[in-house]
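Student: I have a structure here, written as structure tokens, and I will follow up with some questions on it.
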Amino acid sequence: MSTAAVAFKKDAVRLSADLRHRALIQGALSKYELKRDEKQALFQDWQGARQLAAETKWEAVNHLDTYLDQFVRGLEARGTKVHWASTAQQARDIMVGICREKSARSIVKSKAMTAEEIHLNEALEHAGFDVVESDLGEFIVQLREEAPYHIVFPAMHLTRGEIKDVFERKLHDAPSDSPEELTMVARRVLRQKYVQADVGITGANFAVAETGMVSVTENEGNARLTAALPKTMITLLGIEKIVPRLEDLALFLPMLATVGAGQLISGYNTMYGGPRQPGEADGPEEFHVVLLDNNRTAILADAEQRDSLHCIRCGACLNVCPIYRNVGGHTYGTTYPGPIGSVITPNLRGLQEWKHLSYSSSLCGACTEACPVKIDLAHHLLQNRRNASRQKPSFLQRMAFKLFAPLATKPWLWSLLVTKGGRFGQIFHGLVKGTRLDPAYVWTKTRDLPPIARQSFKEWWKERK
Amino acid sequence: MTVTLFIPCFVDLLYPQVGIAMVKILEKLGHKVECPDSPACCGQPAFNTGYWDESRDVAVKLLEQLKDAEVVVIASGSCGAMMKVFYPDLFAGTPHHALARQVSGRCFEFSQFLVDQLGVTDLGAQFPHRVTFHDGCHSLREMRIHAAPRRLMQRVQGLELIEMKQTVCCGFGGTFSAKFPMISTAMGEVKCGLALDTSAEYVVSCDSSCLMHIQGLIDRQKKPLKTIHLAEILAQS
Chain A
15 MSTAAVAFKK DAVRLSADLR HRALIQGALS KYELKRDEKQ ALFQDWQGAR QLAAETKWEA
75 VNHLDTYLDQ FVRGLEARGT KVHWASTAQQ ARDIMVGICR EKSARSIVKS KAMTAEEIHL
135 NEALEHAGFD VVESDLGEFI VQLREEAPYH IVFPAMHLTR GEIKDVFERK LHDAPSDSPE
195 ELTMVARRVL RQKYVQADVG ITGANFAVAE TGMVSVTENE GNARLTAALP KTMITLLGIE
255 KIVPRLEDLA LFLPMLATVG AGQLISGYNT MYGGPRQPGE ADGPEEFHVV LLDNNRTAIL
315 ADAEQRDSLH CIRCGACLNV CPIYRNVGGH TYGTTYPGPI GSVITPNLRG LQEWKHLSYS
375 SSLCGACTEA CPVKIDLAHH LLQNRRNASR QKPSFLQRMA FKLFAPLATK PWLWSLLVTK
435 GGRFGQIFHG LVKGTRLDPA YVWTKTRDLP PIARQSFKEW WKERK
Chain B
36 MTVTLFIPCF VDLLYPQVGI AMVKILEKLG HKVECPDSPA CCGQPAFNTG YWDESRDVAV
96 KLLEQLKDAE VVVIASGSCG AMMKVFYPDL FAGTPHHALA RQVSGRCFEF SQFLVDQLGV
156 TDLGAQFPHR VTFHDGCHSL REMRIHAAPR RLMQRVQGLE LIEMKQTVCC GFGGTFSAKF
216 PMISTAMGEV KCGLALDTSA EYVVSCDSSC LMHIQGLIDR QKKPLKTIHL AEILAQS
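Structure follows, in structure tokens:
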């Protein structure tokens, strides 16, 4: 097992038995489901909308070269500096380089999973910059020095008491555990940071090829302040964020709000096309866009799983996933947890190292059903499993399945070894049941097993004939 | 017509009464039932674990058995999904692809076959109990079965169906339940909780494998619930 797999199993065992955690997450996500269903019902035809979204992203992803080129030309025409980063390291170097060139000291960031993916904060802090997250949830997990728990709700695993505690510890200001009062504390701290910051870094939800603009969705106005106040703005985004036309946002913005947070539309949706233009009253003096590959082109080359680049990072698949709901976001040990993470992480970061995520699924398909852009998530998990065992089969498992074939295809062997052998074995099973000596321990530790019937179906059928 | 009934391994060994009920119902409706003696399995465990070559070693035997079948009825939504949905993928690029696609078109899960193919909903059954229904995920999302079992239950005298608040996996997932037993157990506990909330006496399903998982937890944790396959209810009169 890879080290990532060992860590996953350990945390999964702990959290799936943690009833407090279970109640917290199941409760929060059940409320989300109600809101989501309400908003989904407002679409004239939700399934039609999904189909259109899938086709739009298909078009974008399958013509990525053309659309990226168009996107970049539009941005550059308005004086934006566009950077291409093949790897996470390149992206970090580019961004650290820009901050150094601007002699920046303080950096304010709005929420960006792509920045988590390349571990940008560590790189910036390591280079001596002061970085602060401006999204409230991200701000809280940054104070706690932990990764976001969820790609949309970074601090959903915390109670108000826990948030009060960390405010007390780190900010020495926590009048009560009321969400309103705590938000006011965060706001006071953050307002100061916006004013001081030399560079503002944002992510992007969509990249509109037609107009050469990035579209940023948020609910707190923090991304707007991050973009508007510092002199230099940097936007980091994956190359798959492309949508072909501006009008595509008429579908994607309400769709993202609906499945992402059960909202009609997110609080703030802003388009950025370049630095401050002559005659404009505000906006950054310099605008940099960093386009990140980081193995996305490897997925692009795989026709079978190319649709996983459709992902709009809405979190809908996490929210409905019974695995996610039981083990929680941190257990995955990845930037992108839940079904989408279990599909793309093995392909982005190494199949053998991360294949356990593709195996840790009951293949229930709730994710596929929830995905607004119709990524074939559950089936991609199966394909990852196939690819992983083809590349590096486990000797024991392969032997087991090889031996199973004659057993399952020869009736006399089945009858002798499985039906009769099973009945015989059962006589002694009681002695070891549920203990470590039990060959079925993984099952019987927590669950009972039914006995083999006195007369199996096949025996009944034979007798009857 | 002649119905070829495929009985998966766990029904054969652990729940023969489910297969027997199906035979009786199909015969009562005037059909001839055939059960292939072999293979005992559809090949899903190897397939789901990623060992597609080994899965084909078993699956190809089943395909050959079913080559001339008029219709194939599968006594499990999950094995049904394997044969109907996944065989064409499994055999893609092999000499058996065309056969896999043909057989796939003739495969039906039991309740789906009764309602959608035979147009039967009333079997004259009685079951004076409060029940809730568990949609096996493969039945629901791969086979697209939702209405059929409910229409059958509607016509069972005395049966009162109370739906669970959420449609969620029972946590079985085949080899998943052994590879990640604690996650699987937690999922099963959530499922049992939802079922208990309905105050039903029975959890009914078209998937004995899900019921095995749910019952396994019920027995271990001594919950006031029972499980029963829909076919067993339909055979009661």
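These protein sequence lines are chains A and B, in that order.
Using the working numbering, the letters of the first sequence correspond one by one to residues 15 to 479.
Using the working numbering, the letters of the second sequence correspond one by one to residues 36 to 272.
Don't be surprised by glycine CBs; every beta carbon is placed ideally from N, CA and C.
Just so you know, these numbers come straight off a predicted model, no measurement behind them.
With 16 as the cutoff for other CB atoms within 10 Å, does residue 250 of chain B come out buried or exposed?
Tutor: Taking the first residue of the second sequence as 1, we reach residue 250 of chain B at position 215. Here residue 250 of chain B is buried: its Cβ has 16 or more other Cβ atoms, across all protein chains shown, within 10 Å.
Student: Figure out for me which residue from B:78, B:56, B:177, B:40 has the closest Cα to the Cα of residue 12 of chain A.
Tutor: Not covered by the structure: residue 12 of chain A. The range shown for chain A is 15 to 479.
Student: Helix, strand or coil, according to DSSP, for residue 202 of chain B in the structure here?
Tutor: Along the second sequence, read from residue 1 onward, the residue named residue 202 of chain B stands at position 167. Reduced to three states, the DSSP call for residue 202 of chain B is coil.
Student: Chain A partners of residue 215 of chain B, CB-CB under 7 Å?
Tutor: Position 180 of the second sequence, counted from the first residue, corresponds to residue 215 of chain B. Going along chain A in sequence order, the residues near residue 215 of chain B (Cβ under 7 Å) are 26, 374.
Student: Nearest chain B C-beta to residue 368 of chain A closer than 9 Å, yes or no?
Tutor: In the first sequence, the residue the question calls residue 368 of chain A occupies position 354. It does not: the Cβ of residue 368 of chain A has no partner Cβ on chain B nearer than 9 Å.
Student: Compute the distance between the beta-carbons of residue 230 of chain B and residue 260 of chain B, then report whether it is under 9 Å.
Tutor: Residue mapping note: residue 230 of chain B aligns to position 195 of the second sequence, counting from 1. Residue mapping note: residue 260 of chain B aligns to position 225 of the second sequence, counting from 1. A contact, by the Cβ cut-off of 9 Å.
Student: Is the number of C-beta pairs between the segment 116-124 of chain A and the segment 290-299 of chain A that are closer than 8 Å three or more?
Tutor: Contact between the segment 116-124 of chain A and the segment 290-299 of chain A is absent: fewer than 3 CB-CB pairs across the two stretches fall below 8 Å.
Student: Just to confirm before moving on: does the CB-CB distance between residue 89 of chain A and residue 287 of chain A stay below 9 Å?
Tutor: Counted from its first residue, the first sequence places residue 89 of chain A at position 75. Counted from its first residue, the first sequence places residue 287 of chain A at position 273. Contact flag set, yes.
Student: Given this structure, state the Cα-to-Cα distance separating residue 469 of chain A from residue 391 of chain A, to the nearest angstrom.
Tutor: Translated into positions along the first sequence, residue 469 of chain A becomes position 455. Translated into positions along the first sequence, residue 391 of chain A becomes position 377. For residue 469 of chain A and residue 391 of chain A, the distance between alpha carbons rounds to 41 Å.
Student: Can you find a CB in chain A that lies within less than 9 Å of the CB of residue 240 of chain B?
Tutor: Taking the first residue of the second sequence as 1, we reach residue 240 of chain B at position 205. The beta carbon of residue 240 of chain B sits no closer than 9 Å to any beta carbon of chain A.
Student: Kindly indicate the opening and closing residues of the beta strand (DSSP E) around residue 144 of chain A.
Tutor: Taking the first sequence and counting its residues from 1, one reaches residue 144 of chain A at position 130. Element bounds for residue 144 of chain A: 144-147.
Student: Closest Cβ-Cβ distance between residue 441 of chain A and chain B: below 9 Å?
Tutor: As a position in the first sequence, residue 441 of chain A is number 427, starting the count at 1. False, the Cβ-Cβ gap to chain B never drops below 9 Å.
Student: Are the beta-carbon atoms of residue 480 of chain A and residue 358 of chain A separated by less than 9 Å?
Tutor: With chain A covering only 15 through 479, there is no way to say anything about residue 480 of chain A.
Student: Where in the segment 139-216 of chain A do unbroken runs of the alpha helix (DSSP H), each at least 4 residues long, occur, reported from the N-terminal end onward?
Tutor: 150-157, 174-185, 193-210
Student: Measuring alpha carbon to alpha carbon, tell me which residue in A:321, A:421, A:445 is nearest residue 90 of chain B.
Tutor: Position 55 of the second sequence, counted from the first residue, corresponds to residue 90 of chain B. Cα-wise, what sits closest to residue 90 of chain B is A:421.
Student: As an exercise, report each continuous alpha helix (DSSP H) stretch of at least 4 residues that is fully enclosed by the segment 27-67 of chain A, in chain order.
Tutor: 33-54
Student: Counting only beta-carbon atoms, is residue 221 of chain B nearer than 9 Å to chain A?
Tutor: Taking the first residue of the second sequence as position 1, residue 221 of chain B is located at position 186. Closer than 9 Å to some Cβ of chain A, the Cβ of residue 221 of chain B qualifies, so yes.
Student: According to DSSP, what are the bridge partners of residue 117 of chain A?
Tutor: Taking the first sequence and counting its residues from 1, the one referred to as residue 117 of chain A is at position 103. Residue 117 of chain A is not bridged to any residue.
Student: Output needed in chain order: residues of the segment 176-193 of chain A with a Cβ under 9 Å from some Cβ in chain B.
Tutor: From the segment 176-193 of chain A, no residue has a Cβ closer than 9 Å to chain B.
Student: Return the first residue and the last residue of the beta strand (DSSP E) that residue 359 of chain B is part of.
Tutor: Residue coverage of chain B in this structure runs from 36 to 272, which leaves residue 359 of chain B outside it and unanswerable.
Student: May I ask which residues mark the beginning and end of the alpha helix (DSSP H) holding residue 352 of chain A?
Tutor: As a position in the first sequence, residue 352 of chain A is number 338, starting the count at 1. Note, residue 352 of chain A: alpha helix (DSSP H), 352-363.
Student: Anything in chain A within Cβ reach of residue 73 of chain B, meaning under 8 Å, just list it in chain order.
Tutor: Mapped onto the second sequence, residue 73 of chain B falls at position 38. In chain order: 422, 423, 424, 425, 428.
Student: Give me the Cβ distance between residue 129 of chain A and residue 256 of chain A, rounded to the nearest whole Å; I'm assuming they're in contact under 8 Å.
Tutor: Within the first sequence, numbered from 1, the residue matching residue 129 of chain A stands at position 115. Within the first sequence, numbered from 1, the residue matching residue 256 of chain A stands at position 242. The Cβ separation is near 19 Å, so there is no contact.
Student: Just the Cα atoms here: how many angstroms apart are residue 177 of chain B and residue 140 of chain B?
Tutor: In the second sequence, residue 177 of chain B corresponds to position 142, counting from 1. In the second sequence, residue 140 of chain B corresponds to position 105, counting from 1. Rounded to whole angstroms, residue 177 of chain B to residue 140 of chain B spans 14 Å at the Cα level.
Student: Please report the distance separating the alpha-carbon of residue 66 of chain B from that of residue 335 of chain A.
Tutor: On the second sequence, position 31 is the one that residue 66 of chain B refers to. On the first sequence, position 321 is the one that residue 335 of chain A refers to. Their backbone Cα atoms lie some 41 Å apart in a straight line.
Student: So which residues of chain A does residue 250 of chain B contact, with C-beta pairs closer than 8 Å?
Tutor: The residue labelled residue 250 of chain B in the question sits at position 215 within the second sequence. Those are 462, 464, listed as they occur along chain A.
Student: How long is the line joining the alpha carbons of residue 93 of chain B and residue 145 of chain B, rounded to whole angstroms?
Tutor: Residue mapping note: residue 93 of chain B aligns to position 58 of the second sequence, counting from 1. Residue mapping note: residue 145 of chain B aligns to position 110 of the second sequence, counting from 1. Each residue's Cα considered, the two are about 22 Å apart.
Student: Between the alpha carbons of residue 100 of chain B and residue 134 of chain B, how many angstroms are there, rounded?
Tutor: Taking the second sequence and counting its residues from 1, the one referred to as residue 100 of chain B is at position 65. Taking the second sequence and counting its residues from 1, the one referred to as residue 134 of chain B is at position 99. Roughly 11 Å between the two C-alpha positions.
Student: For the candidate residues A:136, A:93, A:25, A:85, whose alpha-carbon lies nearest to that of residue 109 of chain A?
Tutor: What you label residue 109 of chain A is simply residue 95 of the first sequence in a count that begins at 1. Minimum Cα distance to residue 109 of chain A is reached at A:136.
Student: Taking C-beta to C-beta, are residue 253 of chain A and residue 82 of chain A nearer than 9 Å?
Tutor: Position 239 of the first sequence, counted from the first residue, corresponds to residue 253 of chain A. Position 68 of the first sequence, counted from the first residue, corresponds to residue 82 of chain A. Cβ distance < 9 Å, so residue 253 of chain A and residue 82 of chain A count as in contact.
Student: Where does residue 264 of chain B sit, in a helix, a strand or coil, going by DSSP?
Tutor: Translated into the one-based positions of the second sequence, residue 264 of chain B becomes position 229. In this structure, residue 264 of chain B counts as strand in the three-state DSSP scheme.
Student: I'd like to know whether the C-beta atoms of residue 168 of chain A and residue 208 of chain A end up nearer to each other than 9 Å.
Tutor: Within the first sequence, residue 168 of chain A is the residue found at index 154, counting from 1. Within the first sequence, residue 208 of chain A is the residue found at index 194, counting from 1. No.
Student: Report yes if the CB atom of residue 242 of chain B is closer than 9 Å to the CB atom of residue 113 of chain B, and no otherwise.
Tutor: Here the question's residue 242 of chain B lines up with position 207 in the second sequence. Here the question's residue 113 of chain B lines up with position 78 in the second sequence. The Cβ atoms of residue 242 of chain B and residue 113 of chain B sit closer than 9 Å to each other.
Student: So is residue 23 of chain A buried or exposed if we call it buried at 16+ other beta carbons inside 10 Å?
Tutor: As a first step, residue 23 of chain A must be located in the first sequence, where it is residue number 9. The residue is buried, with at least 16 neighbouring Cβ atoms inside 10 Å.
Student: Whole angstroms are fine: how far does the CA of residue 227 of chain B sit from the CA of residue 248 of chain B?
Tutor: Stepping through the second sequence from its first residue, residue 248 of chain B is reached at position 213. Stepping through the second sequence from its first residue, residue 227 of chain B is reached at position 192. Those two C-alpha atoms are separated by around 10 Å.
Student: Looking at the structure shown, is residue 136 of chain A part of a helix, part of a strand, or coil, going by DSSP?
Tutor: Along the first sequence, read from residue 1 onward, the residue named residue 136 of chain A stands at position 122. Residue 136 of chain A falls in the helix class under three-state DSSP.
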